[in-house]
Every structure is written in structure tokens, then in C-alpha cells.
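Chains as they are written, first to last, in full-length UniProt numbering: chain A, 1 to 267; chain B, 1 to 267.
Data first, discussion second: the structure below is written as C-alpha cells.
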DNA sequence: CATATAGGTTTGTATATGACAAACTCTACT
DNA sequence: AGTAGAGTTTGTCATATACAAACCTATATG
């Protein structure tokens, strides 16, 4: 064994990778049966069985009748992550204020493995597309699909951006989705220049958003915040300057919160 | 290997159990360093290292500087679990209504591995002890510590209750905490008779709650719902009859929601 | 009613994999 | 400069894992 993949080859626990794949399959398939999972993951039946038993035993998955689903233990763990994440604590209030002020959806997101994960969200009283936003909480998004994601990408090293995109490929959602690296790079430059990103029906037709990155000291990206609304309401000067102002202000406040929180708890 | 534990010994993937222990250690220790984790889990340094690398790679944990914490992927997974759990969808509205009606904390919980996990909660305008409730979301509770938990225990087979308690032992939180099986069994009988459970400062001094189980067809326990408030507000007739009525009514409605949801989506 | 079929579980076994120990690197402190 | 502490890498051997194939057990099918 120890089949060197060219370089020094970092060791990994294969069983964890397998378990991870199985969990992902269960999450993706939504209440799959044993055979569904087998078909998805290309591992022998017997082995899958042992994995499922173990995962169930540990509380990572639950079997109800003949169907599997992710286990309740993950709820607790997820909650724990949120509460331990600085940006969640530092940003929660601002997200709510911004949602109230605008009446629309406001998202606080972070980057994770080249994708965007929603840490917190709040819907104003005019917010639409509840179902879409529900789904969004469950599954990571491509960074180049959203305003907040692009705002984060704009802060990254361009090599890193290339790496992420190479790995994921461009998935087209609407006719306005960015589908090549050049366009993306041009837009990232522009985002950097103006300080915020917009998403003009690039992910969902009829929906626009405005987002900006939340950065820490030495320009590290901590996350992003965005406002999302239907094109009918998000247009003209409101879209081009008022909302961007509000979003950048909120990001700024969160950044300050982060800084001061760091100071108060020096360890 | 194949160290038969007496009977036919179901096979398990040891690496998953190890990984699970490491994740638990990280969650428990809150931002531990590499050595902290090693001390907690009694596995050789080298091995722990490999596990951490793998877990990080898969997004289950994240390293910030020298400290580890649970990874953002768990947030998504947790969210996914919630949305796929019937009782969450069926109960969300009722929890909010009850919180508004009473002005206090309302919890929707389920049993998981002999402990209680909060799936959803809502705080009325008079709700207190925010911090305590925040923690509660992160860590499973002992069933015999809470009203909702006892309500669920009361529905279980007494052998199962014994098994759970044997495994966990009695942890005393206040002078009123139940600390022996006999008292517990007596109370469970009473709960079964009256249809709801109360928690009278058994977990936190000055705090009472009233909870009841949410059951499915053939008397399976699906979860529980409870109202929590300071003793000063939760007393007398309000505590002994009004609130129990409201809680049982909410549980009843959720049960109906569950039934009808099941019918609509027969699969 | 017998038989087939699909969904799921168990078991024997070879071999890849994980766990250990010890060597090693790197940083921080004296 | 020297040492201690924290984290990483590597060689090695026992063993945990993954496969295949046998085995159940319900539900359809002739």
C-alpha cells in the first residue's frame, strides 16, 4: 500500500472518505432505501451494510422503516458550529436589522470547500421564494452563482479562483449565469473596484441580489452578506446605490464587531 | 479480530467510531488544539493527525490557526435533517403560535440515542435565560431532566427506560432532580395517567416547564413539545391546568398534521 | 401452491489499511 | 546556543475492511 500519489502523499483514513460519500448520498437522495444508496456509491452491498449500521449506531443517520436519512445528531453539531463561528455571533443582529430595513431576504454566508454555505438568514416582510431559500440552507451554492459568493471570490487570489472553478466547472442556471473564466475575472475586478457584487438573474430568473464580503485583518475573507429581491423591486437607483450602501454598511459593522470581539477574548 | 461480543456480533467500521469520538471531543472541548484532542481521545499522535487531516479534508472539521472546530458542512447537513424531519415541518407553526400565546419559551424536541435533541424552538416576548436555551440547542439533554423528555420516557417500554438510565446514570442538577429509578418510574406512571409531564426546578432552579409527547400511529413516540417559564409566572392553576391544556392541544394538532402529511405523500 | 425475484443480511477470507512507535521538523522560550 | 513543546512524517505489522458469494425473507408471478 501507501501508493504514493506522486508527491509525499498525505495519509488519509479511507473509511472516513467512504462514510462521507455515503452521508452525502443520503443527503442528496433524500430518504433513500438501502439499494438506492448502493447504486449511488459503487461499493459492495455487504460493505455498505456495515457502514450504515455503524453510522446509525453513532447517530449520524437514522433508519425509519426501510428508508435512511441523516441523523438528528447532525442538528446538534450544526448548531454547535454556528454558535462557535465568530461571524455568526457578530453578524446576526445586522442581518436582522437589514432584513427589517429592506423588507427582503438577507443572507450571511461563508465559504467552505469552494462553495457558499448559509450561516444565518432573515426574511423581511416582503420576502419571496421561501422554498428556494429553504433549499439554499440545505445545500452549498457555487460561489460564482451568487452576489455574496462573487464578492468573496473577488477577494481571493485569482489562482485560487481558477482552482475552484476548474474543480467545479461552470453550471449554467439561467441565460445570464457566468460560464467562462474570462467573464468571471472581469467581473471580479469590477467587484473589487466598486466594493460590492451584484447578481442580476444569474441564478434564478427574476431575482437580483447585492452582496459584499466581510473581511478580517490582513484582508482574509470571513464571509459575506447579501440582500435578495425580485427584479421588480430591486432596480434603478435603489439597486445601483441605495442597497449597495446599506449592504456595505452592514458588512462594515460586522467587521468591527469581529475585531472588537477578538480583542475582548484574547485567549 | 472478529472478537465476538458473545452473540453473532454485528460488524462495525472502527474508523467511523474513532472519527465520531474525535468529532465529539472537538465539539465538547470547543476549539481545542491538536494536543487537547490527543489527550481527550487516547489514540496515538500520528493516528489522530491522520484522522484530523481526513476530517478536515471532508469538511467535517475546520482548522483556524492552531485550533480545530467542527466544520461548516455540518451546518448544511443539520439543516437538511431538520427539513426532512416530519415533525419539524408539522410542528413549526404550532410552536410559534404557542410561544406567542404564552409569551414563553416553547421547544419541539425528539429523542435520539436516549437523549433529547431540540429540533425547533421559539421564544415568546417574555422569554428568559437566552443563554441557557442557546446551549440547549447545542447539546443533547438527559430525558429525565426535562418535561418533554419525561413525557417521552413515559411512552417508552419500562425496560427501555431502565436501559437508557443504566447507560447514562443519574446526573443531579438541582436538589429536585430525579436521582433514582423508583421515583422516575412512579412519575412516569403519573405522567401516563395525566397525559403531560411537568418539570419543577429539576434541571434549573427557578424554572418550570410543562411538556407532552407527540405520538404517531401505534403509539410510537415522534417527539415532544414543552413550555418553559420562571416559577414566578408558572404557578397555581396556570401551571396545573391552563398551560397543560395548551400544550396538549398543540401536541394534538401536530399529531394530526403528521397523520395528514403522511397521507398526502404515500410513496 | 410452487417458484422466482428483488431487497436486505451474514460470513469466510485476502489483502489493503490503520495504528503504533520512533524519528523528525519547527517554533518559542531560556 | 540549547531545550522543551507542539505538530508532522515514516516504517512496519497486526488487523480491520471490502469483496464475493451464500444466505435469508418477504413480495410478486406463473
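Glycine included, every Cβ here is placed at the ideal spot set by N, Cα and C.
Here the structure is a predicted model, which means the values were calculated and not measured.
Roughly how many angstroms lie between the CA atoms of residue i and residue j, to the nearest whole one?
i: residue 250 of chain B; j: residue 60 of chain A; result: 29 angstroms
i: residue 193 of chain B; j: residue 62 of chain A; result: 31 angstroms
i: residue 53 of chain B; j: residue 241 of chain B; result: 55 angstroms
i: residue 93 of chain B; j: residue 191 of chain B; result: 26 angstroms
i: residue 110 of chain B; j: residue 75 of chain A; result: 11 angstroms
i: residue 229 of chain A; j: residue 178 of chain A; result: 20 angstroms
i: residue 202 of chain B; j: residue 147 of chain B; result: 9 angstroms
i: residue 258 of chain B; j: residue 87 of chain B; result: 7 angstroms
i: residue 145 of chain B; j: residue 21 of chain B; result: 24 angstroms
i: residue 6 of chain B; j: residue 48 of chain B; result: Bear in mind that the predicted position of residue 6 of chain B carries a pLDDT of just 37, short of 50, making it unreliable; the figure below should be weighed with that in mind. Straight-line Cα distance between these residues: approximately 30 angstroms.
i: residue 100 of chain B; j: residue 106 of chain B; result: 9 angstroms
i: residue 23 of chain B; j: residue 237 of chain A; result: 49 angstroms
i: residue 143 of chain B; j: residue 152 of chain B; result: 8 angstroms
i: residue 252 of chain B; j: residue 38 of chain A; result: 39 angstroms
i: residue 36 of chain A; j: residue 15 of chain A; result: 20 angstroms
i: residue 127 of chain A; j: residue 141 of chain A; result: 20 angstroms
i: residue 245 of chain B; j: residue 98 of chain A; result: 39 angstroms
i: residue 90 of chain B; j: residue 161 of chain B; result: 27 angstroms
i: residue 13 of chain B; j: residue 80 of chain A; result: 26 angstroms
i: residue 103 of chain B; j: residue 239 of chain B; result: 14 angstroms
i: residue 56 of chain A; j: residue 114 of chain A; result: 29 angstroms
i: residue 159 of chain A; j: residue 185 of chain A; result: 11 angstroms
i: residue 95 of chain A; j: residue 200 of chain B; result: 37 angstroms
i: residue 165 of chain B; j: residue 182 of chain B; result: 12 angstroms
i: residue 214 of chain B; j: residue 118 of chain B; result: 14 angstroms
i: residue 174 of chain B; j: residue 210 of chain B; result: 18 angstroms
Assign residue i to one of two classes, buried (16 or more other C-beta atoms within 10 Å of its C-beta) or exposed (fewer than that).
i: residue 150 of chain B; result: buried
i: residue 232 of chain A; result: exposed
i: residue 73 of chain A; result: buried
i: residue 69 of chain A; result: buried
i: residue 134 of chain B; result: exposed
i: residue 255 of chain B; result: buried
i: residue 171 of chain B; result: exposed
i: residue 46 of chain B; result: exposed
i: residue 27 of chain A; result: buried
i: residue 167 of chain B; result: exposed
i: residue 8 of chain A; result: Because the pLDDT at residue 8 of chain A is just 48, under 50, the model does not fix this residue reliably, and the value given afterwards should be weighed accordingly. Exposed, by the Cβ-count rule.
i: residue 44 of chain A; result: exposed
i: residue 130 of chain A; result: exposed
i: residue 197 of chain B; result: buried
i: residue 65 of chain B; result: exposed
i: residue 157 of chain A; result: exposed
i: residue 268 of chain A; result: With chain A running from 1 to 267 in the structure shown, residue 268 of chain A is simply not present.
i: residue 116 of chain A; result: buried
i: residue 261 of chain B; result: exposed
List, in chain order, every chain B residue whose beta-carbon is nearer than 7 angstroms to that of residue i.
i: residue 232 of chain A; result: Neighbours of residue 232 of chain A on chain B: none; closest Cβ ~28 angstroms, over 7 angstroms.
i: residue 78 of chain A; result: 74, 75, 77, 78 and 79
i: residue 270 of chain A; result: Residue 270 of chain A cannot be examined here, being either before or after the span of chain A that is shown, 1 to 267.
i: residue 83 of chain A; result: 134 and 138
i: residue 57 of chain A; result: 12
i: residue 27 of chain A; result: 77 and 80
i: residue 20 of chain A; result: 58
i: residue 161 of chain A; result: Result: empty, since nearest Cβ-Cβ is about 19 angstroms, beyond 7 angstroms.
i: residue 188 of chain A; result: Simply none; closest approach about 23 angstroms.
i: residue 113 of chain A; result: 59
i: residue 119 of chain A; result: 75
i: residue 30 of chain A; result: 84
Give the residues of chain B in contact with residue i, contact being defined as C-beta atoms less than 8 angstroms apart.
i: residue 10 of chain A; result: 53
i: residue 110 of chain A; result: 72
i: residue 345 of chain A; result: Residue 345 of chain A falls outside the range modelled here, since chain A spans only 1 to 267, and no answer is possible.
What does residue i touch in chain B if you count any residue whose Cβ is under 9 angstroms from its own?
i: residue 221 of chain A; result: Neighbours of residue 221 of chain A on chain B: none; closest Cβ ~13 angstroms, over 9 angstroms.
i: residue 69 of chain A; result: 80, 81, 84 and 85
Could you tell me the boundaries of the alpha helix (DSSP H) in which residue i lies?
i: residue 171 of chain B; result: Run containing residue 171 of chain B: none; DSSP gives neither H nor E here.
Which residues in chain A have a C-beta closer than 7 angstroms to the C-beta of residue i? List them in chain order.
i: residue 15 of chain B; result: 13, 15 and 16
Kindly list, in the order they appear in chain A, the residues whose Cβ is closer than 8 angstroms to that of residue i.
i: residue 171 of chain B; result: Chain A residues near residue 171 of chain B: none, gap ~18 angstroms exceeds 8 angstroms.
i: residue 106 of chain B; result: Chain A residues near residue 106 of chain B: none, gap ~17 angstroms exceeds 8 angstroms.
Interface residues of chain A around residue i at Cβ under 9 angstroms?
i: residue 50 of chain B; result: 10, 11, 12 and 13
Open item on the list: Going residue by residue through the segment 178 to 241 of chain B, where are the continuous beta strand (DSSP E) segments of at least 3 residues, counting only ones entirely within it?
Closed with: 197 to 200, 207 to 215 and 221 to 230
TODO: Tell me the start and end of each unbroken beta strand (DSSP E) in the segment 68 to 152 of chain A that is at least 3 residues and wholly inside, in chain order.
DONE: 105 to 112 and 115 to 123
Task: Inside the UniProt domain "HTH iclR-type" (13 to 72) of chain A only - beta strand (DSSP E) runs reaching at least 3 residues - done: 61 to 64 and 67 to 70
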